[in-house]
Amino acid sequence: MSTGTSHGTVYPVSSELKARSLVDNERYLAMYQQSVINPEGFWREHGQRIDWFNPFTKVKKVSFDDHFVDINWFYDGTTNASYNCLDRHLETRGDQVAIIWEPDEEGEARKVTYKELHEQVCRFANALKSQGVRQGDVVAIYMPMIVEAIVAMQACSRIGAVHSVVFGGFSPEALAGRIIDSSAKVVITADEGVRGGKKVPLKENVDEALTHPGIKSIEKVIVYRHTQADIAWHEHRDVSWTDMTAIASPYCQPREMNAEDPLFILYTSGSTGKPKGVLHTTGGYLVYASMTHEYVFDYKPGEVFWCNADIGWVTGHSYVTYGPLLNGATLVMHEGLPNYPEVNRISKIIDKHNVNILYIAPTAIRALMAEGDKAVEGTSRESLRLLGTVGEPINPEAWHWYYKTMGDERCAIVDTWWQTETGAAMLTPLPGATDLKPGSATRPFFGVQPALVDNAGLLIEGEGEGNLVILDSWPGQARTVFGDHDRFIQTYFTHFKGMYTTGDGARRDKDGYYWITGRVDDVLNVSGHRMGTAEIESAMVAHKSVAEAAVVGFPHNIKGEGIYVYVTLNSGTEYSDELKSNLRQWVRKEIGPIATPDIIQWAPGLPKTRSGKIMRRILRKIASGDYDNLGDTSTLSDPTVVDHLIRDRALAS
Ligand code: WTA
1 MSTGTSHGTV
11 YPVSSELKAR
21 SLVDNERYLA
31 MYQQSVINPE
41 GFWREHGQRI
51 DWFNPFTKVK
61 KVSFDDHFVD
71 INWFYDGTTN
81 ASYNCLDRHL
91 ETRGDQVAII
101 WEPDEEGEAR
111 KVTYKELHEQ
121 VCRFANALKS
131 QGVRQGDVVA
141 IYMPMIVEAI
151 VAMQACSRIG
161 AVHSVVFGGF
171 SPEALAGRII
181 DSSAKVVITA
191 DEGVRGGKKV
201 PLKENVDEAL
211 THPGIKSIEK
221 VIVYRHTQAD
231 IAWHEHRDVS
241 WTDMTAIASP
251 YCQPREMNAE
261 DPLFILYTSG
271 STGKPKGVLH
281 TTGGYLVYAS
291 MTHEYVFDYK
301 PGEVFWCNAD
311 IGWVTGHSYV
321 TYGPLLNGAT
331 LVMHEGLPNY
341 PEVNRISKII
351 DKHNVNILYI
361 APTAIRALMA
371 EGDKAVEGTS
381 RESLRLLGTV
391 GEPINPEAWH
401 WYYKTMGDER
411 CAIVDTWWQT
421 ETGAAMLTPL
431 PGATDLKPGS
441 ATRPFFGVQP
451 ALVDNAGLLI
461 EGEGEGNLVI
471 LDSWPGQART
481 VFGDHDRFIQ
491 TYFTHFKGMY
501 TTGDGARRDK
511 DGYYWITGRV
521 DDVLNVSGHR
531 MGTAEIESAM
541 VAHKSVAEAA
551 VVGFPHNIKG
561 EGIYVYVTLN
571 SGTEYSDELK
581 SNLRQWVRKE
591 IGPIATPDII
601 QWAPGLPKTR
611 SGKIMRRILR
621 KIASGDYDNL
631 GDTSTLSDPT
641 VVDHLIRDRA
651 LAS
């Protein structure tokens, strides 16, 4: 039952949900109060949710001062991530299925119990050690969505190595950049990945990446044979996963790690420069990932949890891998695409494995919604009881489709706002506590202190709109940018003093609910993937024909935001459709298919200020066909450029 107008509809918590859930609204409010009034006490208690080898006595030591940003949680405790994900479940649920792996083509699923996963992780951890991987070494993981990807991440954390998962859809060039930046010692890959019936040549990509002259650190490439494709083999460097694990011992002692020892690096796009290696550490991340997984999804033992994110993104870290395993869940991992071979694949997987909780991105919801009821055809989805979304703002239309068609108006929806840098969910409903408003990520999770500030950094009280900041630390927060702490400080702590800057804008309504309005910086959100405009621009200008390029986002029905590129060619180069398609290919090669421009517009000139700064505000308006409010163009060095761009807008494709 909902109340209100279609715009401001409110879906109150049902009495059934209230009764079954871990927390109702009164409890949420009480716990939230405690978590912000006495964070030390709150996290001292909830820090116990993971097993510690040496219990922590110190809870929190944090400075957000831009001269000295320093974030520590549980910092005299010792523990191990893999131990918490696996070993501690063996006695109680060793024979329970940990991973249900659903292949790309419809067929038999592979099921792996906690006991089996533990043994595979131990063997592979020993194998890594035999290849010289030691505590603190960085290991790049460039894998498809297969069980071995999780095994690889777990094995790294078991021996104290730092994993750096690189999305399997990234190009060799992008992989090389991430290897160089992290000085990874080993790459773990597979012969091929399979998505939507198409093969992805992962090993070939690694071979190509490693020809990059800047790579000095890689000693070994470990290859899992997934499709048995023919691949090139470099005897001195390539090692077979299967050969290594066959001779490895089935037990590996988990390494005792300090809470603040690095757990993983994950590259993400920013508004400037190359992608940043966001670094997460061990203790706080584990506590926060497991706690959000349990409370946000109201996870109960025995339930089947499915987050369909790729392990190459943070959602795949916290809610495919760490969160569910820490809570001893049964998780579903899907190799392929949500709409392959048919648009009802997600629904069929839900029925096949009796999935209770589904967590997907709005872009997937919109793609399914475009097919209407076909997306659920022939399925009951009776097992479902909760739906989640993440990665981008969800438009109310998509929210309602998800609620009505996928969830049969039975399942609450948790719209979770967070970021690679936040480790896990930050603004989110709790199913038994939070009345839902479609399109709003609602209220903060325990310990999270969101606020809105204007551009001068002044706090906005009550209802209002502004820059979303977080006033104090939470355990899952990123600690630094790998190898570049100054960049960490510059990016997140200098805009507004003493606060963490999210880069998002938000509105707060009269009930204190937050509505994310999107990025306020030059970061795009394309199909829920973060893309820096600067990254795409630098890929474009690396092409021999391109003199200059400016990238902006524009509204896109399925992707949320599409990529619009204005290109100025070198003089003497002909503007042609063929060149357009070459440029698209070029960006795919430089970054990966997710960065492919949707629209390219030839732009003999770009609107610039007299000091040479490109006025993206104007470019964004032209891209979205909104010519009426271009604002003040008098500061442009050549205002006629704008008229030309508007005139040529219709020719862009
Ligand atoms: C956006 C993904 C609106 C936001 C977990 C953020 C969202 C960026 C939501 C982080 C949401 C994520 N509603 N916007 N529920 N969730 N975003 O690092 O702009 O890949 O800053 O982390 O996605 O993307 P990232």
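Letter 387 of the sequence shown, counting from 1, is numbered 387 in the UniProt record's numbering, and no numbers are missing. Ideal Cβ placement from N, Cα and C applies to all residues, glycine included.
* **Straight-line Cα distance separating Glu148 from Lys198** => 20 Å
* To do: Count the other C-beta atoms from every protein chain shown that fall within 10 angstroms of the C-beta of Glu397, then say buried if there are 16 or more, exposed otherwise.
  => exposed
* Does the segment 542 to 551 come close enough to the segment 287 to 306 that 3 or more CB-CB pairs lie under 8 Å? -> no
* Asked: Hey, Ile297 and Pro324: beta-carbon distance below 7 Å or not?
  -> A quick correction: the sequence has Phe, not Ile, at residue 297. No; because the gap between Cβ atoms is not below 7 Å, this pair is not in contact.
* **C-beta neighbour in chain B for His226, strict 7 Å** => This model lacks chain B altogether, as it is built from one protein chain only.
* So what's Tyr11 in DSSP terms, helix, strand or just coil? -> strand
* What does DSSP give as the partner residues of Gln449 in its beta bridges? -> Answer by DSSP bridge pairing: none, since Gln449 is not bridged.
* Own chain residues within Cβ distance below 7 Å of Leu387, not counting five before or after -> Leu358, Tyr402, Met406, Gly407, Cys411 and Ile413
* Cβ-based neighbour list, Arg93, same chain, cut-off 7 Å, excluding 5 preceding and 5 following -> Tyr114 and Gly328
* **Classification of Leu569 by the beta-carbon crowding that lies within 10 angstroms, buried from 16 upward** => buried
* 7 Å Cβ cutoff met for Ser269 and Arg616 -> no
* To do: Name the one or two DSSP bridge partners that Arg530 has.
  => Asn525
* Over the uninterrupted alpha helix (DSSP H) stretch that includes Gln135, give me the two end residues. => No alpha helix (DSSP H) contains Gln135, which DSSP labels as neither H nor E.
* Asked: Looking at Asp504 and the ligand WTA, is the gap between the Cβ and the nearest heavy atom below 6 Å?
  -> yes
* Backbone CA spacing between Glu208 and Lys589 [nearest angstrom] -> 11 Å
* Output the boundary residues of the alpha helix (DSSP H) element that contains Val520. => Here Val520 belongs to no alpha helix (DSSP H), and DSSP marks it neither H nor E.
* Helix, strand or coil for Leu202 per DSSP? -> helix
* Which value, in whole angstroms, describes the spacing of the CA atoms of Trp233 and Ser240? -> 10 Å
* Within this structure, are the beta carbons of Glu256 and Phe124 separated by less than 7 Å? -> no
* Compute the beta-carbon to beta-carbon distance between residue 708 and Arg49, rounded to the nearest angstrom, for a pair I have assumed lies under 8 Å. => Look at the range of the chain in this structure, 1 to 653, and you will see that residue 708 is not part of it.
* beta strand (DSSP E) runs wholly inside the UniProt domain "AMP-binding enzyme C-terminal" (535 to 613), at least 3 long, in chain order -> 546 to 556, 560 to 569 and 599 to 602
* As assigned by DSSP and simplified to three states, the class of Val414 -> strand
* Among Tyr83, Glu106, His118 and Gly77, which has the Cα closest to the Cα of Gln96? -> His118
* Among residues of its own chain, excluding the 5 on either side of Lys374, which ones have a beta-carbon nearer than 7 Å to its beta-carbon? -> Val343 and Asn344
* To do: Along the beta strand (DSSP E) that carries Leu359, what are the first and last residues, could you check?
  => As written in the sequence, residue 359 is Tyr, which differs from the Leu given in the question. Looking at the DSSP string, the run of the beta strand (DSSP E) that includes Tyr359 is Ile357 to Ile360.
* Can you list, in chain order, the stretches of the beta strand (DSSP E) that have 3 or more residues and sit fully within the segment 136 to 224? -> 138 to 142, 162 to 165, 186 to 190, 193 to 195, 198 to 200 and 220 to 224
* **Given 8 Å, three or more beta-carbon pairs between the segment 619 to 631 and the segment 552 to 563** => yes
* Please report how far the alpha carbon of Gln135 lies from the alpha carbon of Val121, in whole angstroms. => 16 Å
* Completely contained alpha helix (DSSP H) runs for the segment 303 to 346, where each covers 4 or more residues -> 323 to 326
* To do: Mark Phe482 as exposed unless 16 or more other C-beta atoms lie within 10 angstroms of its C-beta, in which case mark it buried.
  => buried
* Asked: Taking the continuous beta strand (DSSP E) assigned at Tyr500, which residues delimit it?
  -> Tyr500 to Arg508
* Skipping 5 residues on each side, what residues in its chain have a beta carbon closer than 7 Å to that of Ala542? -> Glu590
* Asked: Hey, out of Ser164, Glu192 and Glu116, whose CA is closest to Asp104's CA?
  -> Glu192
* Asked: Do Tyr75 and Glu260 come within 7 Å of each other at the CB atom, strictly closer than that value?
  -> yes
* Contact under 7 Å by Cβ, Val390 with Ser347 -> no
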